[in-house]
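Notes to accompany the following structure.
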Amino acid sequence: MLELVNEQRAANDLSSLCMNSKLLASALRHSNDMATNDFMAHNGSDGSTMEERITEAGFDWTAVGENVAAGQETVSDVMTAWMDSSEHKANILGDYKMFGTAYAYNADSTYIHYWTQDFGTGDDESCEGSNSGSTTSSQSDRTQQQETITQDDEVAGEASITSETTSPTIDTATPTETPAATTASSATSDCKARRA
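full-length UniProt numbering applies: residue 1 is where the sequence shown begins, and numbers increase by one.
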């Protein structure tokens, strides 16, 4: 998913994001929570907010944002839904340096597929993982990644790319009661952003 996020950023003349394990942990926690407890919202089943989960994961942030979605079966589907929503697109193209994403699957739940993207910037935070510097891959590689993610009964995080500069500032929040329209009939999504 980071690859697709960075493709969108590159198409808008913005710098790439890099993977951060703390943001990944926060996203993983939330996607698992949504799938296990059959809901889609920014606040967790324990009442935790996006900011609290990211802070509890150890990320010392100056700005954070989150996109959540449910019902889309593939990375491509959920990215299309988010890019078709101005609020989600604003997070994807926002003033962040780092990224973490997670997917959870629960066949016995309302939406079955649960997605979280966490975005962040922090003065003392750094990038981790494979730093290929490339934002492109073959269609067969992307299809194989999507199949692996959607067939996994647990949560899957994804690859990483490095960058050090950022894009224009976003400082908006959208209530979780107003999901954005998506491309899948039984799918929904939401986004949130905050500055310190």
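Idealized CB from N, CA, C, for every residue including glycine.
Measuring only the C-alpha atoms, how far is residue i from residue j?
{"i": "N12", "j": "D123", "result": "24 Å"}
{"i": "E51", "j": "V64", "result": "7 Å"}
{"i": "S16", "j": "M1", "result": "12 Å"}
{"i": "E128", "j": "A27", "result": "16 Å"}
{"i": "Q8", "j": "A90", "result": "11 Å"}
{"i": "S96", "j": "L23", "result": "Rather than Ser, the amino acid found at residue 96 in this sequence is Tyr. Near 12 Å, if we compare the C-alpha coordinates of L23 and Y96."}
{"i": "S85", "j": "Q117", "result": "14 Å"}
{"i": "N37", "j": "W115", "result": "14 Å"}
{"i": "E3", "j": "G94", "result": "16 Å"}
{"i": "Y105", "j": "N67", "result": "17 Å"}
{"i": "L14", "j": "A102", "result": "23 Å"}
{"i": "residue 203", "j": "G100", "result": "Nothing can be reported for residue 203, as the shown portion of the chain is limited to 1 through 196."}
{"i": "S76", "j": "D60", "result": "30 Å"}
In this structure, does DSSP put residue i in helix, strand or coil?
{"i": "Q117", "result": "strand"}
{"i": "A11", "result": "helix"}
{"i": "S26", "result": "helix"}
{"i": "E87", "result": "helix"}
{"i": "T74", "result": "coil"}
{"i": "S31", "result": "helix"}
{"i": "W61", "result": "coil"}
{"i": "T80", "result": "helix"}
{"i": "T49", "result": "coil"}
{"i": "L4", "result": "helix"}
{"i": "N37", "result": "helix"}
{"i": "E56", "result": "helix"}
Identify every residue that forms a DSSP beta bridge with residue i.
{"i": "C18", "result": "M98"}
{"i": "Y111", "result": "Partner(s): none; Y111 has no beta bridge."}
{"i": "A104", "result": "Y114"}
Given a cut-off of 8 Å on the beta-carbon distance, is the pair residue i and residue j in contact?
{"i": "H30", "j": "R53", "result": "yes"}
{"i": "C18", "j": "M79", "result": "no"}
{"i": "Q72", "j": "H113", "result": "yes"}
{"i": "N20", "j": "G120", "result": "yes"}
{"i": "A35", "j": "S126", "result": "no"}
{"i": "A10", "j": "A57", "result": "no"}
I believe residue i touches residue j by the beta-carbon criterion, under 8 Å. Please report the beta-carbon distance rounded to the nearest angstrom.
{"i": "A81", "j": "Y111", "result": "Going by Cβ atoms, the distance from A81 to Y111 rounds to 12 Å, so no, they are not a contact pair."}
{"i": "S45", "j": "F39", "result": "7 Å"}
So with Cβ pairs under 8 Å, would you call residue i a contact of chain D?
{"i": "A104", "result": "Of the protein chains in this structure there is only one, and it is not chain D."}
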